[in-house]
Amino acid sequence: MREHGYQRMPPVEETLASYLSVGKASSLKTPSLPSIPLQVTSRLNGRAYAAAGQAVGALHTMAVLQAYQADLLKDLDKGQGLSPDEVAELRRTTDLALRATKQAATAMGRSMGAMVVTERHLWVNLADLGKKERGFLLDAPVSPSELF
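Everything in the sequence shown is counted per our numbering, starting at 26 for the first residue and increasing by one.
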């Protein structure tokens, strides 16, 4: 889960952090926002991100199990274990569960993306950037290895 970026918010690059918060960031510490309210907001956002990441990991496991269950039902359908109506009903319910899991995972992924943009917003607001440059930074693709 760590390599996919599910456990914690992607970190901000140190050189960018020192540029955005001039005089506030120490080169000996990990980058942090300059004020206590911004730091608290960042911590809360990071906790929400980690919780969403745990949910995404659980949903991934459920999806794998449901796909395996669907394969087993397909194999069972070829045998004579259950009536065709029973197999059809089991396949419908499995399909519905798999679709629901997919929708939940998609929603969690979107919420994690929104949290990354929120974290970026906290950092970008420190710089005196124009609306166009700010939008460019906020709309950059999300990567698990770095915030920007």
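Glycine included, every Cβ here is placed at the ideal spot set by N, Cα and C.
Residue 89 and residue 130 - do their beta-carbons sit closer together than 9 Å? Within the sequence shown, residue 130 is the residue found at index 105, counting from 1. Within the sequence shown, residue 89 is the residue found at index 64, counting from 1. No, they are not a contact pair.
Classify residue 111 as buried or exposed, calling it buried when 16 or more other Cβ atoms lie within 10 Å of its own Cβ. The residue given as residue 111 occupies position 86 in the sequence shown. Flag for residue 111 reads exposed.
If you pair each beta-carbon of the stretch 54-68 with each one of the stretch 133-153, do three or more pairs fall below 8 Å? yes
One question on the structure: do residue 119 and residue 151 come within less than 9 Å of each other, judged by their Cβ atoms? Your numbering for residue 119 matches position 94 in the sequence shown. Your numbering for residue 151 matches position 126 in the sequence shown. No, Cβ-Cβ distance for residue 119 and residue 151 is not below 9 Å.
Just how far apart, CA to CA, sit residue 70 and residue 114? Reading the sequence shown from its first residue, position 45 is the one you call residue 70. Reading the sequence shown from its first residue, position 89 is the one you call residue 114. When rounded, the distance between both Cα atoms is 42 Å.
Bounding residues of the alpha helix (DSSP H) (the contiguous stretch that carries residue 152): Against the sequence shown, residue 152 aligns to sequence position 127. Careful: residue 152 lies outside any alpha helix (DSSP H) and carries neither H nor E.
Using only the alpha-carbon positions, how far apart do residue 116 and residue 95 sit? Working through the sequence shown from its first residue, we reach residue 116 at position 91. Working through the sequence shown from its first residue, we reach residue 95 at position 70. The straight-line gap from Cα to Cα measures roughly 7 Å.
Here's the rule: buried if 16 or more other CB atoms are within 10 angstroms of the residue's CB, otherwise exposed. What is residue 50? Here residue 50 refers to the residue found at position 25 when the sequence shown is read from its first residue. Here residue 50 scores only 49 on pLDDT, less than 50, and its place in the model is too uncertain to base an answer on.
Drop a sphere of 10 angstroms on the beta-carbon of residue 42, count the other beta-carbons inside from all chains shown, and report buried for 16 or more, exposed for fewer. Within the sequence shown, numbered from 1, the residue matching residue 42 stands at position 17. Residue 42 is buried by the Cβ-count criterion.
Keeping to the same chain, check which residues put their C-beta closer than 7 Å to that of residue 87; ignore five residues upstream and five downstream. Locating residue 87 in the sequence shown gives position 62, where the first residue counts as 1. Excluding positions up to five away in sequence, the list reads 126.
With a 10 Å radius around its C-beta and 16 neighbouring C-beta atoms as the bar for buried, classify residue 56 as buried or exposed. As a working note, residue 56 is residue 31 in the sequence shown. Residue 56 is buried by the Cβ-count criterion.
Just to confirm my understanding: we take residue 122, look at its own chain, exclude 5 residues before and 5 after, and list those with CB closer than 6 Å. What are they? One-based indexing of the sequence shown puts residue 122 at position 97. Closer than 6 Å at the Cβ level, and outside the excluded window around residue 122, lie 91.
Given residue 171, which residues of its chain have a CB within under 7 Å of its CB, disregarding the five upstream and five downstream residues? By one-based count along the sequence shown, residue 171 stands at place 146. Closer than 7 Å at the Cβ level, and outside the excluded window around residue 171, lie 35, 36, 38.
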